[in-house]
Amino acid sequence: MILSRFVTAARRCCAGIVAAASFYSLDPSIAHAQQAGAEQLPPVEVTQPDDQSRTRARAAGDGDAGRRRASPNGAPDGTGSSGSGSGAAASNDGIVGAATTIITAADIAHAPSQTLAEIIATQVPGAQITTFYGGQIGAKTSVDLRGFGAFATANTLVLVNGRRLNDIDMAQVDLSTIPLNAIERIEITRGNSGAVLYGDNAVGGVINIVTKNGVGGPPATARIEAGFGSFNTGLGNVSTALNSGPWSTSFHGNAVRTDGYRDNNRYSQENGVGNLNYTTPGLTAFLTVTGDNQELRLPGGRTVDPSIGLDELATNRRGAGTPFNYANQQGFSATAGFTKTLVNGVDLIVDGGLRDKKQQSAFFSSPTPVPAFFTSTYVEADLTTWSITPRLSVKSLLFGMPSQLLTGIDYYDASFQQNRGAGQGLAPWHNYVLRQQTVAGYVQHTLAVTATTDISYGARVQNIGLSARDDFDAAAPFNADIGALPLRSDETQYALHLGAEHRLNETVALFGRAARAFRTPDVDERVSSGPSFDPFFNPLPQTFRLKTQTSQDIEGGLRIRGGGLQMQSSLYLMDLANEIHFNPILFYNTNLDPTRRYGSETSVSYRINDALLVRSGMAYTRAVFREGVWAGNDVPLVSRYTASAGLTWNIWQNYLVLDATARFWSERRMDNDQAGTQKPIPANGTIDLKLSGQFERYFWSLSVNNVLNALYYDYAIASTFTDGRFSAYPLPGRTYLLKAGATF
Numbered sequence: 080m081i082l083s084r085f086v087t088a089a090r091r092c093c094a095g096i097v098a099a100a101s102f103y104s105l106d107p108s109i110a111h112a113q114q115a116g117a118e119q120l121p122p123v124e125v126t127q128p129d130d131q132s133r134t135r136a137r138a139a140g141d142g143d144a145g146r147r148r149a150s151p152n153g154a155p156d157g158t159g160s161s162g163s164g165s166g167a168a169a170s171n172d173g174i175v176g177a178a179t180t181i182i183t184a185a186d187i188a189h190a191p192s193q194t195l196a197e198i199i200a201t202q203v204p205g206a207q208i209t210t211f212y213g214g215q216i217g218a219k220t221s222v223d224l225r226g227f228g229a230f231a232t233a234n235t236l237v238l239v240n241g242r243r244l245n246d247i248d249m250a251q252v253d254l255s256t257i258p259l260n261a262i263e264r265i266e267i268t269r270g271n272s273g274a275v276l277y278g279d280n281a282v283g284g285v286i287n288i289v290t291k292n293g294v295g296g297p298p299a300t301a302r303i304e305a306g307f308g309s310f311n312t313g314l315g316n317v318s319t320a321l322n323s324g325p326w327s328t329s330f331h332g333n334a335v336r337t338d339g340y341r342d343n344n345r346y347s348q349e350n351g352v353g354n355l356n357y358t359t360p361g362l363t364a365f366l367t368v369t370g371d372n373q374e375l376r377l378p379g380g381r382t383v384d385p386s387i388g389l390d391e392l393a394t395n396r397r398g399a400g401t402p403f404n405y406a407n408q409q410g411f412s413a414t415a416g417f418t419k420t421l422v423n424g425v426d427l428i429v430d431g432g433l434r435d436k437k438q439q440s441a442f443f444s445s446p447t448p449v450p451a452f453f454t455s456t457y458v459e460a461d462l463t464t465w466s467i468t469p470r471l472s473v474k475s476l477l478f479g480m481p482s483q484l485l486t487g488i489d490y491y492d493a494s495f496q497q498n499r500g501a502g503q504g505l506a507p508w509h510n511y512v513l514r515q516q517t518v519a520g521y522v523q524h525t526l527a528v529t530a531t532t533d534i535s536y537g538a539r540v541q542n543i544g545l546s547a548r549d550d551f552d553a554a555a556p557f558n559a560d561i562g563a564l565p566l567r568s569d570e571t572q573y574a575l576h577l578g579a580e581h582r583l584n585e586t587v588a589l590f591g592r593a594a595r596a597f598r599t600p601d602v603d604e605r606v607s608s609g610p611s612f613d614p615f616f617n618p619l620p621q622t623f624r625l626k627t628q629t630s631q632d633i634e635g636g637l638r639i640r641g642g643g644l645q646m647q648s649s650l651y652l653m654d655l656a657n658e659i660h661f662n663p664i665l666f667y668n669t670n671l672d673p674t675r676r677y678g679s680e681t682s683v684s685y686r687i688n689d690a691l692l693v694r695s696g697m698a699y700t701r702a703v704f705r706e707g708v709w710a711g712n713d714v715p716l717v718s719r720y721t722a723s724a725g726l727t728w729n730i731w732q733n734y735l736v737l738d739a740t741a742r743f744w745s746e747r748r749m750d751n752d753q754a755g756t757q758k759p760i761p762a763n764g765t766i767d768l769k770l771s772g773q774f775e776r777y778f779w780s781l782s783v784n785n786v787l788n789a790l791y792y793d794y795a796i797a798s799t800f801t802d803g804r805f806s807a808y809p810l811p812g813r814t815y816l817l818k819a820g821a822t823f
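My numbering runs 79 ahead of the 1-based position in the sequence shown.
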């Protein structure tokens, strides 16, 4: 029934838009005549289908083509990279009115850091990270856009080639599972304007990772790379691409092993991304398959309690509080689709896919890894998501004004099952079964109303249906819990966007926007919802019930682009209702009193000459409770001040290149310290250096991270019951990584 309704709606939508397109002037000769005196208008692309991996946004602009430059490390793989970049320069690509940053393959290749999260944090003003393990891999490191702290991953939407990667569970999108050598560019849109195009989770911002596909390259290329570094780290990367006529294929894979900085912190991972593409002027089609396997040991936190003279950060920084805990994950996805030019300027884009994620984890709070009451938990979960997302892109002249209309339907069907018991092989206490179906329709229109002014407006209506139950087994071994109450819910939410950009001259542009977004509770939050205990600590059944979080924000700023200088600066204000948070006293998730985010973000890059590029970024971020018992207090895990700086210096004709980055963050409240009574996590900063070079087909690099050997942590959780007691996750001091490789 749902599928038949979906097909009927899609047919009606396509028929209506094609009919509307015939009303517009789609003749290229007419378009040329209309634009004769307005060269600054964005060009209307009518010759071939769009790059649909780019953020669903606006008419084709100059993209990052105008900012490309030669690169010693970004170019040699030859596997479909779109070129190199200029250090995440401010761009007017993307959603009109929003603050946007583009990080190119060359920026990634030059970065001293080997973790995608840290690369984003050094290139995007205001982006903060929370790191549990550090080192060259950065597994489970989260990126926080606009100050969401512990719930950053649920409020930052991650896309791969314009398609959602966020799942309906709390397990974060682990950026370490995406091979760096597979990335062509990353488009970051800050703020919640992406909610119209992509739906929930796009509250703090959208990160769109566009992968290389091999299209347009030589007949055959290959790139291999190997490296080793601190903590017995070893890694290998491989990229290949083939082109023959309209067909192309590529593969990017990597493998890494490391002992980790701390005890019980061993990590191993294998990732692969494969593409098959068919490209002609009127039709493009693709198939993308990914797989990843990750094994991670969990050392736990280091405890500090002044009341008993305990300070494990000082006495045993690299020790493990949980020497037997682990978390493993296996992922698979397949996505296929096509883009067909129906008539000049009208593209039909249809894609769909399957994602499957399996997870196994074990937790022991006792000194031995054996099942027991209250001290052991084994969790096994499986999440499968089907999706189909057809849309129409109509580029035309509307009353003489260049126009792009994008409209479509998103359908997602996710099934989640989680077994939770005392140990592997034992009958579980809980068998949670949840299914969420989402159907949404959206439209976004971008219009160049004058030669110097663009506007964009859009809306999304999204229906979310959820069924949840707990097949509870009271007789399971070591059970001391009770089952959750079943839930069936049906909810409709909406998102809105209105944005504008005005170019004062060829150098300076002003932009602004207003938007509404939402975030539905994920399944893990629902599993831990409802009071666990009554005032006498008798257990109560959990309910799966939580309200949907909503946000409304406004933003304004300016862009400067002239000569070698590029700058972007903006101010924003965001009000949220029903933000979701874990109550550590009663041990369940709940909706918070209203909160607010506001601040400023500025990025600057300047190319001094062909050999030297410098860049910097700074941000002020406030995340506060605006009502309730914590009114005026800071939201935990959000630093008010962040800054970064970097340079790329081609010392000797690409034979020797120096890259340096520095990152600073101010103090932040610990997780679970909404009251603001505990000692904050200290401010700190790091400096990273990288020397690299290329000679003919061979290339090498040596990275030294945290050069000054700062001993720091950026995550800690405060005790609920003991003042001054907390548990922190210490991060490595100075580390190194040496890599070398060749292209063929």
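Ideal placement from N, C-alpha and C gives every residue a C-beta, glycine not left out.
{"query": "In whole angstroms, what separates the C-alpha of residue 348 from that of residue 374?", "result": "6 Å"}
{"query": "If we count Cβ pairs, one from each stretch, closer than 8 Å, do we get three or more for the region 728-737 versus the region 756-765?", "result": "no"}
{"query": "Taking all protein chains shown into account, do 16 or more other C-beta atoms lie within 10 angstroms of the C-beta of residue 776, making it buried, or fewer, making it exposed?", "result": "exposed"}
{"query": "Indicate whether the contact test is met: 3 or more Cβ pairs, each with one atom in the region 682-695 and one in the region 634-650, closer than 8 Å.", "result": "yes"}
{"query": "What residues in its chain sit with their C-beta under 6 Å from that of residue 269, if we drop five residues either side in the sequence?", "result": "178, 224 and 284"}
{"query": "Could you tell me how far apart the beta carbons of residue 817 and residue 310 are, in whole angstroms, since I believe they sit closer than 8 Å?", "result": "Not confirmed; about 14 Å, so no contact."}
{"query": "Rounded to whole angstroms, what's the CA-CA distance from residue 408 to residue 597? Just pull it up for me.", "result": "28 Å"}
{"query": "Should residue 168 go down as buried or exposed, given a rule of 16 or more other Cβ atoms within 10 Å for buried?", "result": "The predicted model places residue 168 with a pLDDT of 30, which falls under 50 and marks its position as unreliable, so this point remains unresolved."}
{"query": "Roughly how far, in whole angstroms, is the beta-carbon of residue 581 from the beta-carbon of residue 589, given that I think they are within contact range, below 8 Å?", "result": "5 Å"}
{"query": "Quick check on the DSSP output: the alpha helix (DSSP H) that includes residue 202 runs from which residue to which?", "result": "195-202"}
{"query": "For residue 503, which of 741, 439 and 561 has the nearest alpha-carbon?", "result": "439"}
{"query": "Kindly indicate the opening and closing residues of the alpha helix (DSSP H) around residue 232.", "result": "231-234"}
{"query": "Going by DSSP, which residues form a beta bridge with residue 480?", "result": "477"}
{"query": "State the start and end residues of the unbroken beta strand (DSSP E) segment that holds residue 346.", "result": "346-358"}
{"query": "Kindly indicate which residue of 380, 195 and 403 has the alpha-carbon position closest to the one of residue 393.", "result": "380"}
{"query": "What residue from 531, 530, 296 and 535 has the CA that sits closest to residue 523's CA?", "result": "535"}
{"query": "Count the other CB atoms, across all protein chains shown, that sit within 10 Å of the CB of residue 571; report buried if there are 16 or more and exposed otherwise.", "result": "exposed"}
{"query": "Report all residues from its chain with a CB closer than 6 Å to the CB of residue 272; omit the five preceding and five following residues, and keep chain order.", "result": "174, 177, 576, 592 and 594"}
{"query": "How big is the Cα-Cα spacing for residue 297 and residue 321?", "result": "7 Å"}
{"query": "Answer yes if the region 646-655 comes into contact with the region 665-676, meaning at least three C-beta pairs across the two stretches below 8 Å, and no otherwise.", "result": "yes"}
{"query": "Please name the residue in 695, 708 and 716 whose C-alpha comes closest to that of residue 702.", "result": "716"}
{"query": "To which residues of the same chain is residue 633 closer than 6 Å at the C-beta, ignoring the five residues directly before and after it?", "result": "593 and 652"}
{"query": "Nearest-angstrom Cα distance between residue 288 and residue 238?", "result": "6 Å"}
{"query": "Determine contact between the region 501-519 and the region 543-559, defined as no fewer than three beta-carbon pairs at a distance below 8 Å.", "result": "yes"}
{"query": "Tell me the start and end of each unbroken beta strand (DSSP E) in the region 211-280 that is at least 3 residues and wholly inside, in chain order.", "result": "221-223, 235-239 and 262-269"}
{"query": "Go through the region 309-346 residue by residue and report every complete run of the alpha helix (DSSP H) that reaches 4 residues or more, in order.", "result": "none"}
{"query": "Taking residue 525 and residue 564 to be in contact with their CB atoms under 8 Å, please state how far apart those CB atoms are, rounded to whole angstroms.", "result": "With 8 Å as the limit, residue 525 and residue 564 do not qualify as a contact, their Cβ atoms being about 46 Å apart."}
{"query": "I think residue 543 touches residue 497, with their Cβ atoms under 8 Å apart; what is that distance to the nearest whole Å?", "result": "Contact flag wrong, Cβ pair sits at about 19 Å."}
{"query": "For residue 602, name the three-state secondary structure that DSSP assigns.", "result": "helix"}
{"query": "Measuring CB to CB, does residue 352 end up less than 8 Å from residue 290?", "result": "yes"}
{"query": "Check each candidate in 578, 661 and 559 and name the one with the smallest Cα separation from residue 620.", "result": "559"}
{"query": "Could you give the distance in angstroms between the alpha-carbon of residue 257 and the alpha-carbon of residue 436?", "result": "15 Å"}
{"query": "Give the straight-line distance between the Cα atoms of residue 602 and residue 668, rounded to the nearest whole angstrom.", "result": "11 Å"}
{"query": "Quick check: the Cα distance between residue 771 and residue 189, rounded to an integer number of angstroms?", "result": "8 Å"}
{"query": "Should residue 832 be labelled buried (16 or more other beta-carbon atoms within 10 Å of its own) or exposed?", "result": "The first residue shown for the chain is 80 and the last is 823, placing residue 832 beyond what the model contains."}
{"query": "Got a sec, what are the start and stop residues for the beta strand (DSSP E) residue 730 sits in?", "result": "720-731"}
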